[in-house]
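Visitor:
Residue numbers (the working numbering): 879 to 1254.
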């Protein structure tokens, strides 16, 4: 019998600099390298038995613990969020494993090409094709906002596309938001940064995602960035002081939507609800955008206790969440939404209690930094 030409790599190997294409990694055959950065690498791989295609993402663990802002804690946050969410345009994390020098994520495959390259290769000016893609992006972000989570670093580079389906793949800087509580930290690519982020002005959260979505749509329709610059200073100056040049060849509806999404005044910027209802979003479409948010009871007097108990893994005060769920005057928060997400996950699994792996529990216990803080 011919020898197996693939190579089994030890689980604890640090893969930076390795070309794993054609090799075997645990139960996966590595097919191609997708991305490489200073601290992370990603490969497309196929399960040797089920033939399911996945992304193997390896991120170097920082030797310095910077608390919740450390790279390793952000990776854990990304894994926990993507594991909770259930949306066709948000990549699902199938497994996460901590090693001595890196964190390994196994993510459902969403495509080999980032949406930016897809747009530029196609030189998109066709509004109907752009709309079909953009509706999927907005659906995913609206789903996040409906769960009281803001993305904060949206960009076409962090979206993958395959046969017309767009998948949001990066949640590293996502964070809970709440009315009347301002966020202040800046994250993401300079070209997508909102004026309030550039100026260091506190923001609630969704409005910075709306701005970034406006930049995404502008690039998709115009094949260029709305706020150009050859340096960070030039880009930031353009964001703060320039009005984007919206081409006249675009339809009036497209011009109107872009102008409302890229308003410098965050309080005047179009809301997510109005974005979903905008005429351009629904032109030549049979239905409005489906955000895939299940109907949820406004009050829960008798919550399912196994799901309540799981909130501890997300650094959520379970007792306070029970009180919020039963309060008829309360508004949704990231904590109550996390409960509903866990319940929805349980029901999808046939009503069985959610199973948390020993590795996840061990990681949570050994880490001083919470995997994700959804507390209020």
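Think of the CB as a built atom: it goes at the ideal place given N, C-alpha and C, for glycine as much as any other residue. If you're wondering where the values come from, they're calculated on a predicted model, not measured in any experiment.
1. Hey, how far is the Cα of residue 1111 from the Cα of residue 1075?
2. Under three-state DSSP, which class holds residue 985?
3. Using C-beta distances below 6 Å, list every residue in its chain close to residue 1147, excluding the 5 sequence neighbours before and after it, in chain order.
4. Can you tell me the Cα-Cα spacing of residue 1005 and residue 1099, whole angstroms?
5. Taking the alpha-carbon positions, what's the residue 934 to residue 970 distance?
6. Whole angstroms are fine: how far does the CA of residue 1171 sit from the CA of residue 1017?
7. For residue 924, which beta-bridge partners are listed by DSSP?
8. Return the chain-ordered list of same chain residues with a C-beta closer than 8 Å to the C-beta of residue 897, the five sequence neighbours on each side being excluded.
9. Figure out for me which residue from 1220, 1162, 1021 has the closest Cα to the Cα of residue 1187.
10. What are the start and end residues of the alpha helix (DSSP H) that includes residue 1046?
11. Thinking residue 1213 and residue 1202 are a contact (beta carbons under 8 Å), I'd like their distance in whole angstroms, please.
12. Return the chain-ordered list of same chain residues with a C-beta closer than 8 Å to the C-beta of residue 1226, the five sequence neighbours on each side being excluded.
13. Quick one: Cα of residue 1184 to Cα of residue 1198, how far?
14. Do residue 1167 and residue 1013 have their beta-carbon atoms positioned less than 8 Å apart in this structure?
15. Quick check on this structure: which residue in 983, 987, 973 has the alpha carbon closest to the alpha carbon of residue 929?
16. Given residue 1069, which residues of its chain have a CB within under 7 Å of its CB, disregarding the five upstream and five downstream residues?
17. Closest by CA to residue 1143, which one among 1126, 960, 1124, 1117?
18. Quickly, what does DSSP pair residue 1148 with across the bridge? List them, please.
19. Which residue or residues does DSSP assign as beta-bridge partners of residue 918?
20. According to DSSP, simplified to helix, strand and coil, what is residue 1172?
21. What does DSSP give as the partner residue(s) for residue 1256 in the beta ladder?
22. Using CA atoms only, rank isn't needed, just tell me which of 980, 1160, 909 is closest to residue 1007.
23. Determine the contact status of residue 1178 and residue 1137, defining contact as a CB-CB distance below 8 Å.
24. Which residues in the same chain as residue 1035 place their Cβ atom closer than 6 Å to its Cβ, once the five residues preceding and following it in sequence are excluded?
25. I'd like the list of long-range same chain contacts for residue 989, defined as Cβ closer than 6 Å, with 5 residues on each side in sequence excluded.
26. Decide if residue 1206 is buried, meaning its Cβ has at least 16 other Cβ atoms within 10 Å, or exposed.
27. DSSP three-state label for residue 1159, please.
28. Which residue from 937, 902, 938 puts its Cα closest to that of residue 923?
29. Have a look at residue 1173 and residue 1045 and give me their C-alpha separation to the nearest angstrom.
Guide: Short version:
1. About 14 Å.
2. Residue 985 carries a strand assignment under DSSP once its states are collapsed to helix, strand and coil.
3. Leaving aside the five residues that flank residue 1147 on each side, the residues in its chain whose CB is nearer than 6 Å to its CB run, in chain order, 1085, 1088, 1141.
4. Inter-residue distance for residue 1005 and residue 1099 is about 7 Å (C-alpha atoms, whole angstroms).
5. Rounded to the nearest whole angstrom, the C-alpha separation of residue 934 and residue 970 is 12 Å.
6. Between residue 1017 and residue 1171, the C-alpha separation is close to 10 Å.
7. In the DSSP assignment, residue 924 forms a beta bridge with 907, 931.
8. Excluding positions up to five away in sequence, the list reads 911.
9. Taking each of 1220, 1162, 1021 in turn and checking the Cα distance to residue 1187, the smallest one comes out for 1220.
10. Unbroken run through residue 1046 is the beta strand (DSSP E), 1043–1046; no alpha helix (DSSP H).
11. Right, the Cβ-Cβ distance comes to about 7 Å (below 8 Å), so this counts as a contact.
12. Counting only Cβ-Cβ distances below 8 Å, and skipping sequence neighbours, we find 964.
13. Looking at the two C-alpha atoms, the distance is approximately 16 Å.
14. Taking 8 Å as the Cβ cut-off, residue 1013 and residue 1167 qualify as a contacting pair.
15. The shortest C-alpha to C-alpha distance from residue 929 to any of 983, 987, 973 is the one to 987.
16. Contacts found: 1093, 1103, 1105, 1113.
17. Out of 1126, 960, 1124, 1117, 1117 has the C-alpha closest to the C-alpha of residue 1143.
18. Among the bridge pairs identified by DSSP, residue 1148 is matched with none.
19. In DSSP, residue 918 forms a bridge with 937.
20. In the structure shown, residue 1172 sits in coil (DSSP, three-state: anything other than H, G, I, E or B).
21. For the chain, the structure presents residues 879 to 1254; residue 1256 sits outside this window and is missing.
22. Distances from the CA of residue 1007 to each of 980, 1160, 909 were compared; the closest alpha carbon is that of 1160.
23. Residue 1178 is not a Cβ neighbour of residue 1137, given a cutoff of 8 Å.
24. Excluding sequence neighbours, residue 1035 sits near 992, 994.
25. Around residue 989: 1038, 1039, 1040.
26. That one is exposed.
27. In this structure, residue 1159 counts as helix in the three-state DSSP scheme.
28. Closest option to residue 923, judged by alpha-carbon separation, among 937, 902, 938: 902.
29. Using only the alpha carbons, I get a separation of about 23 Å.
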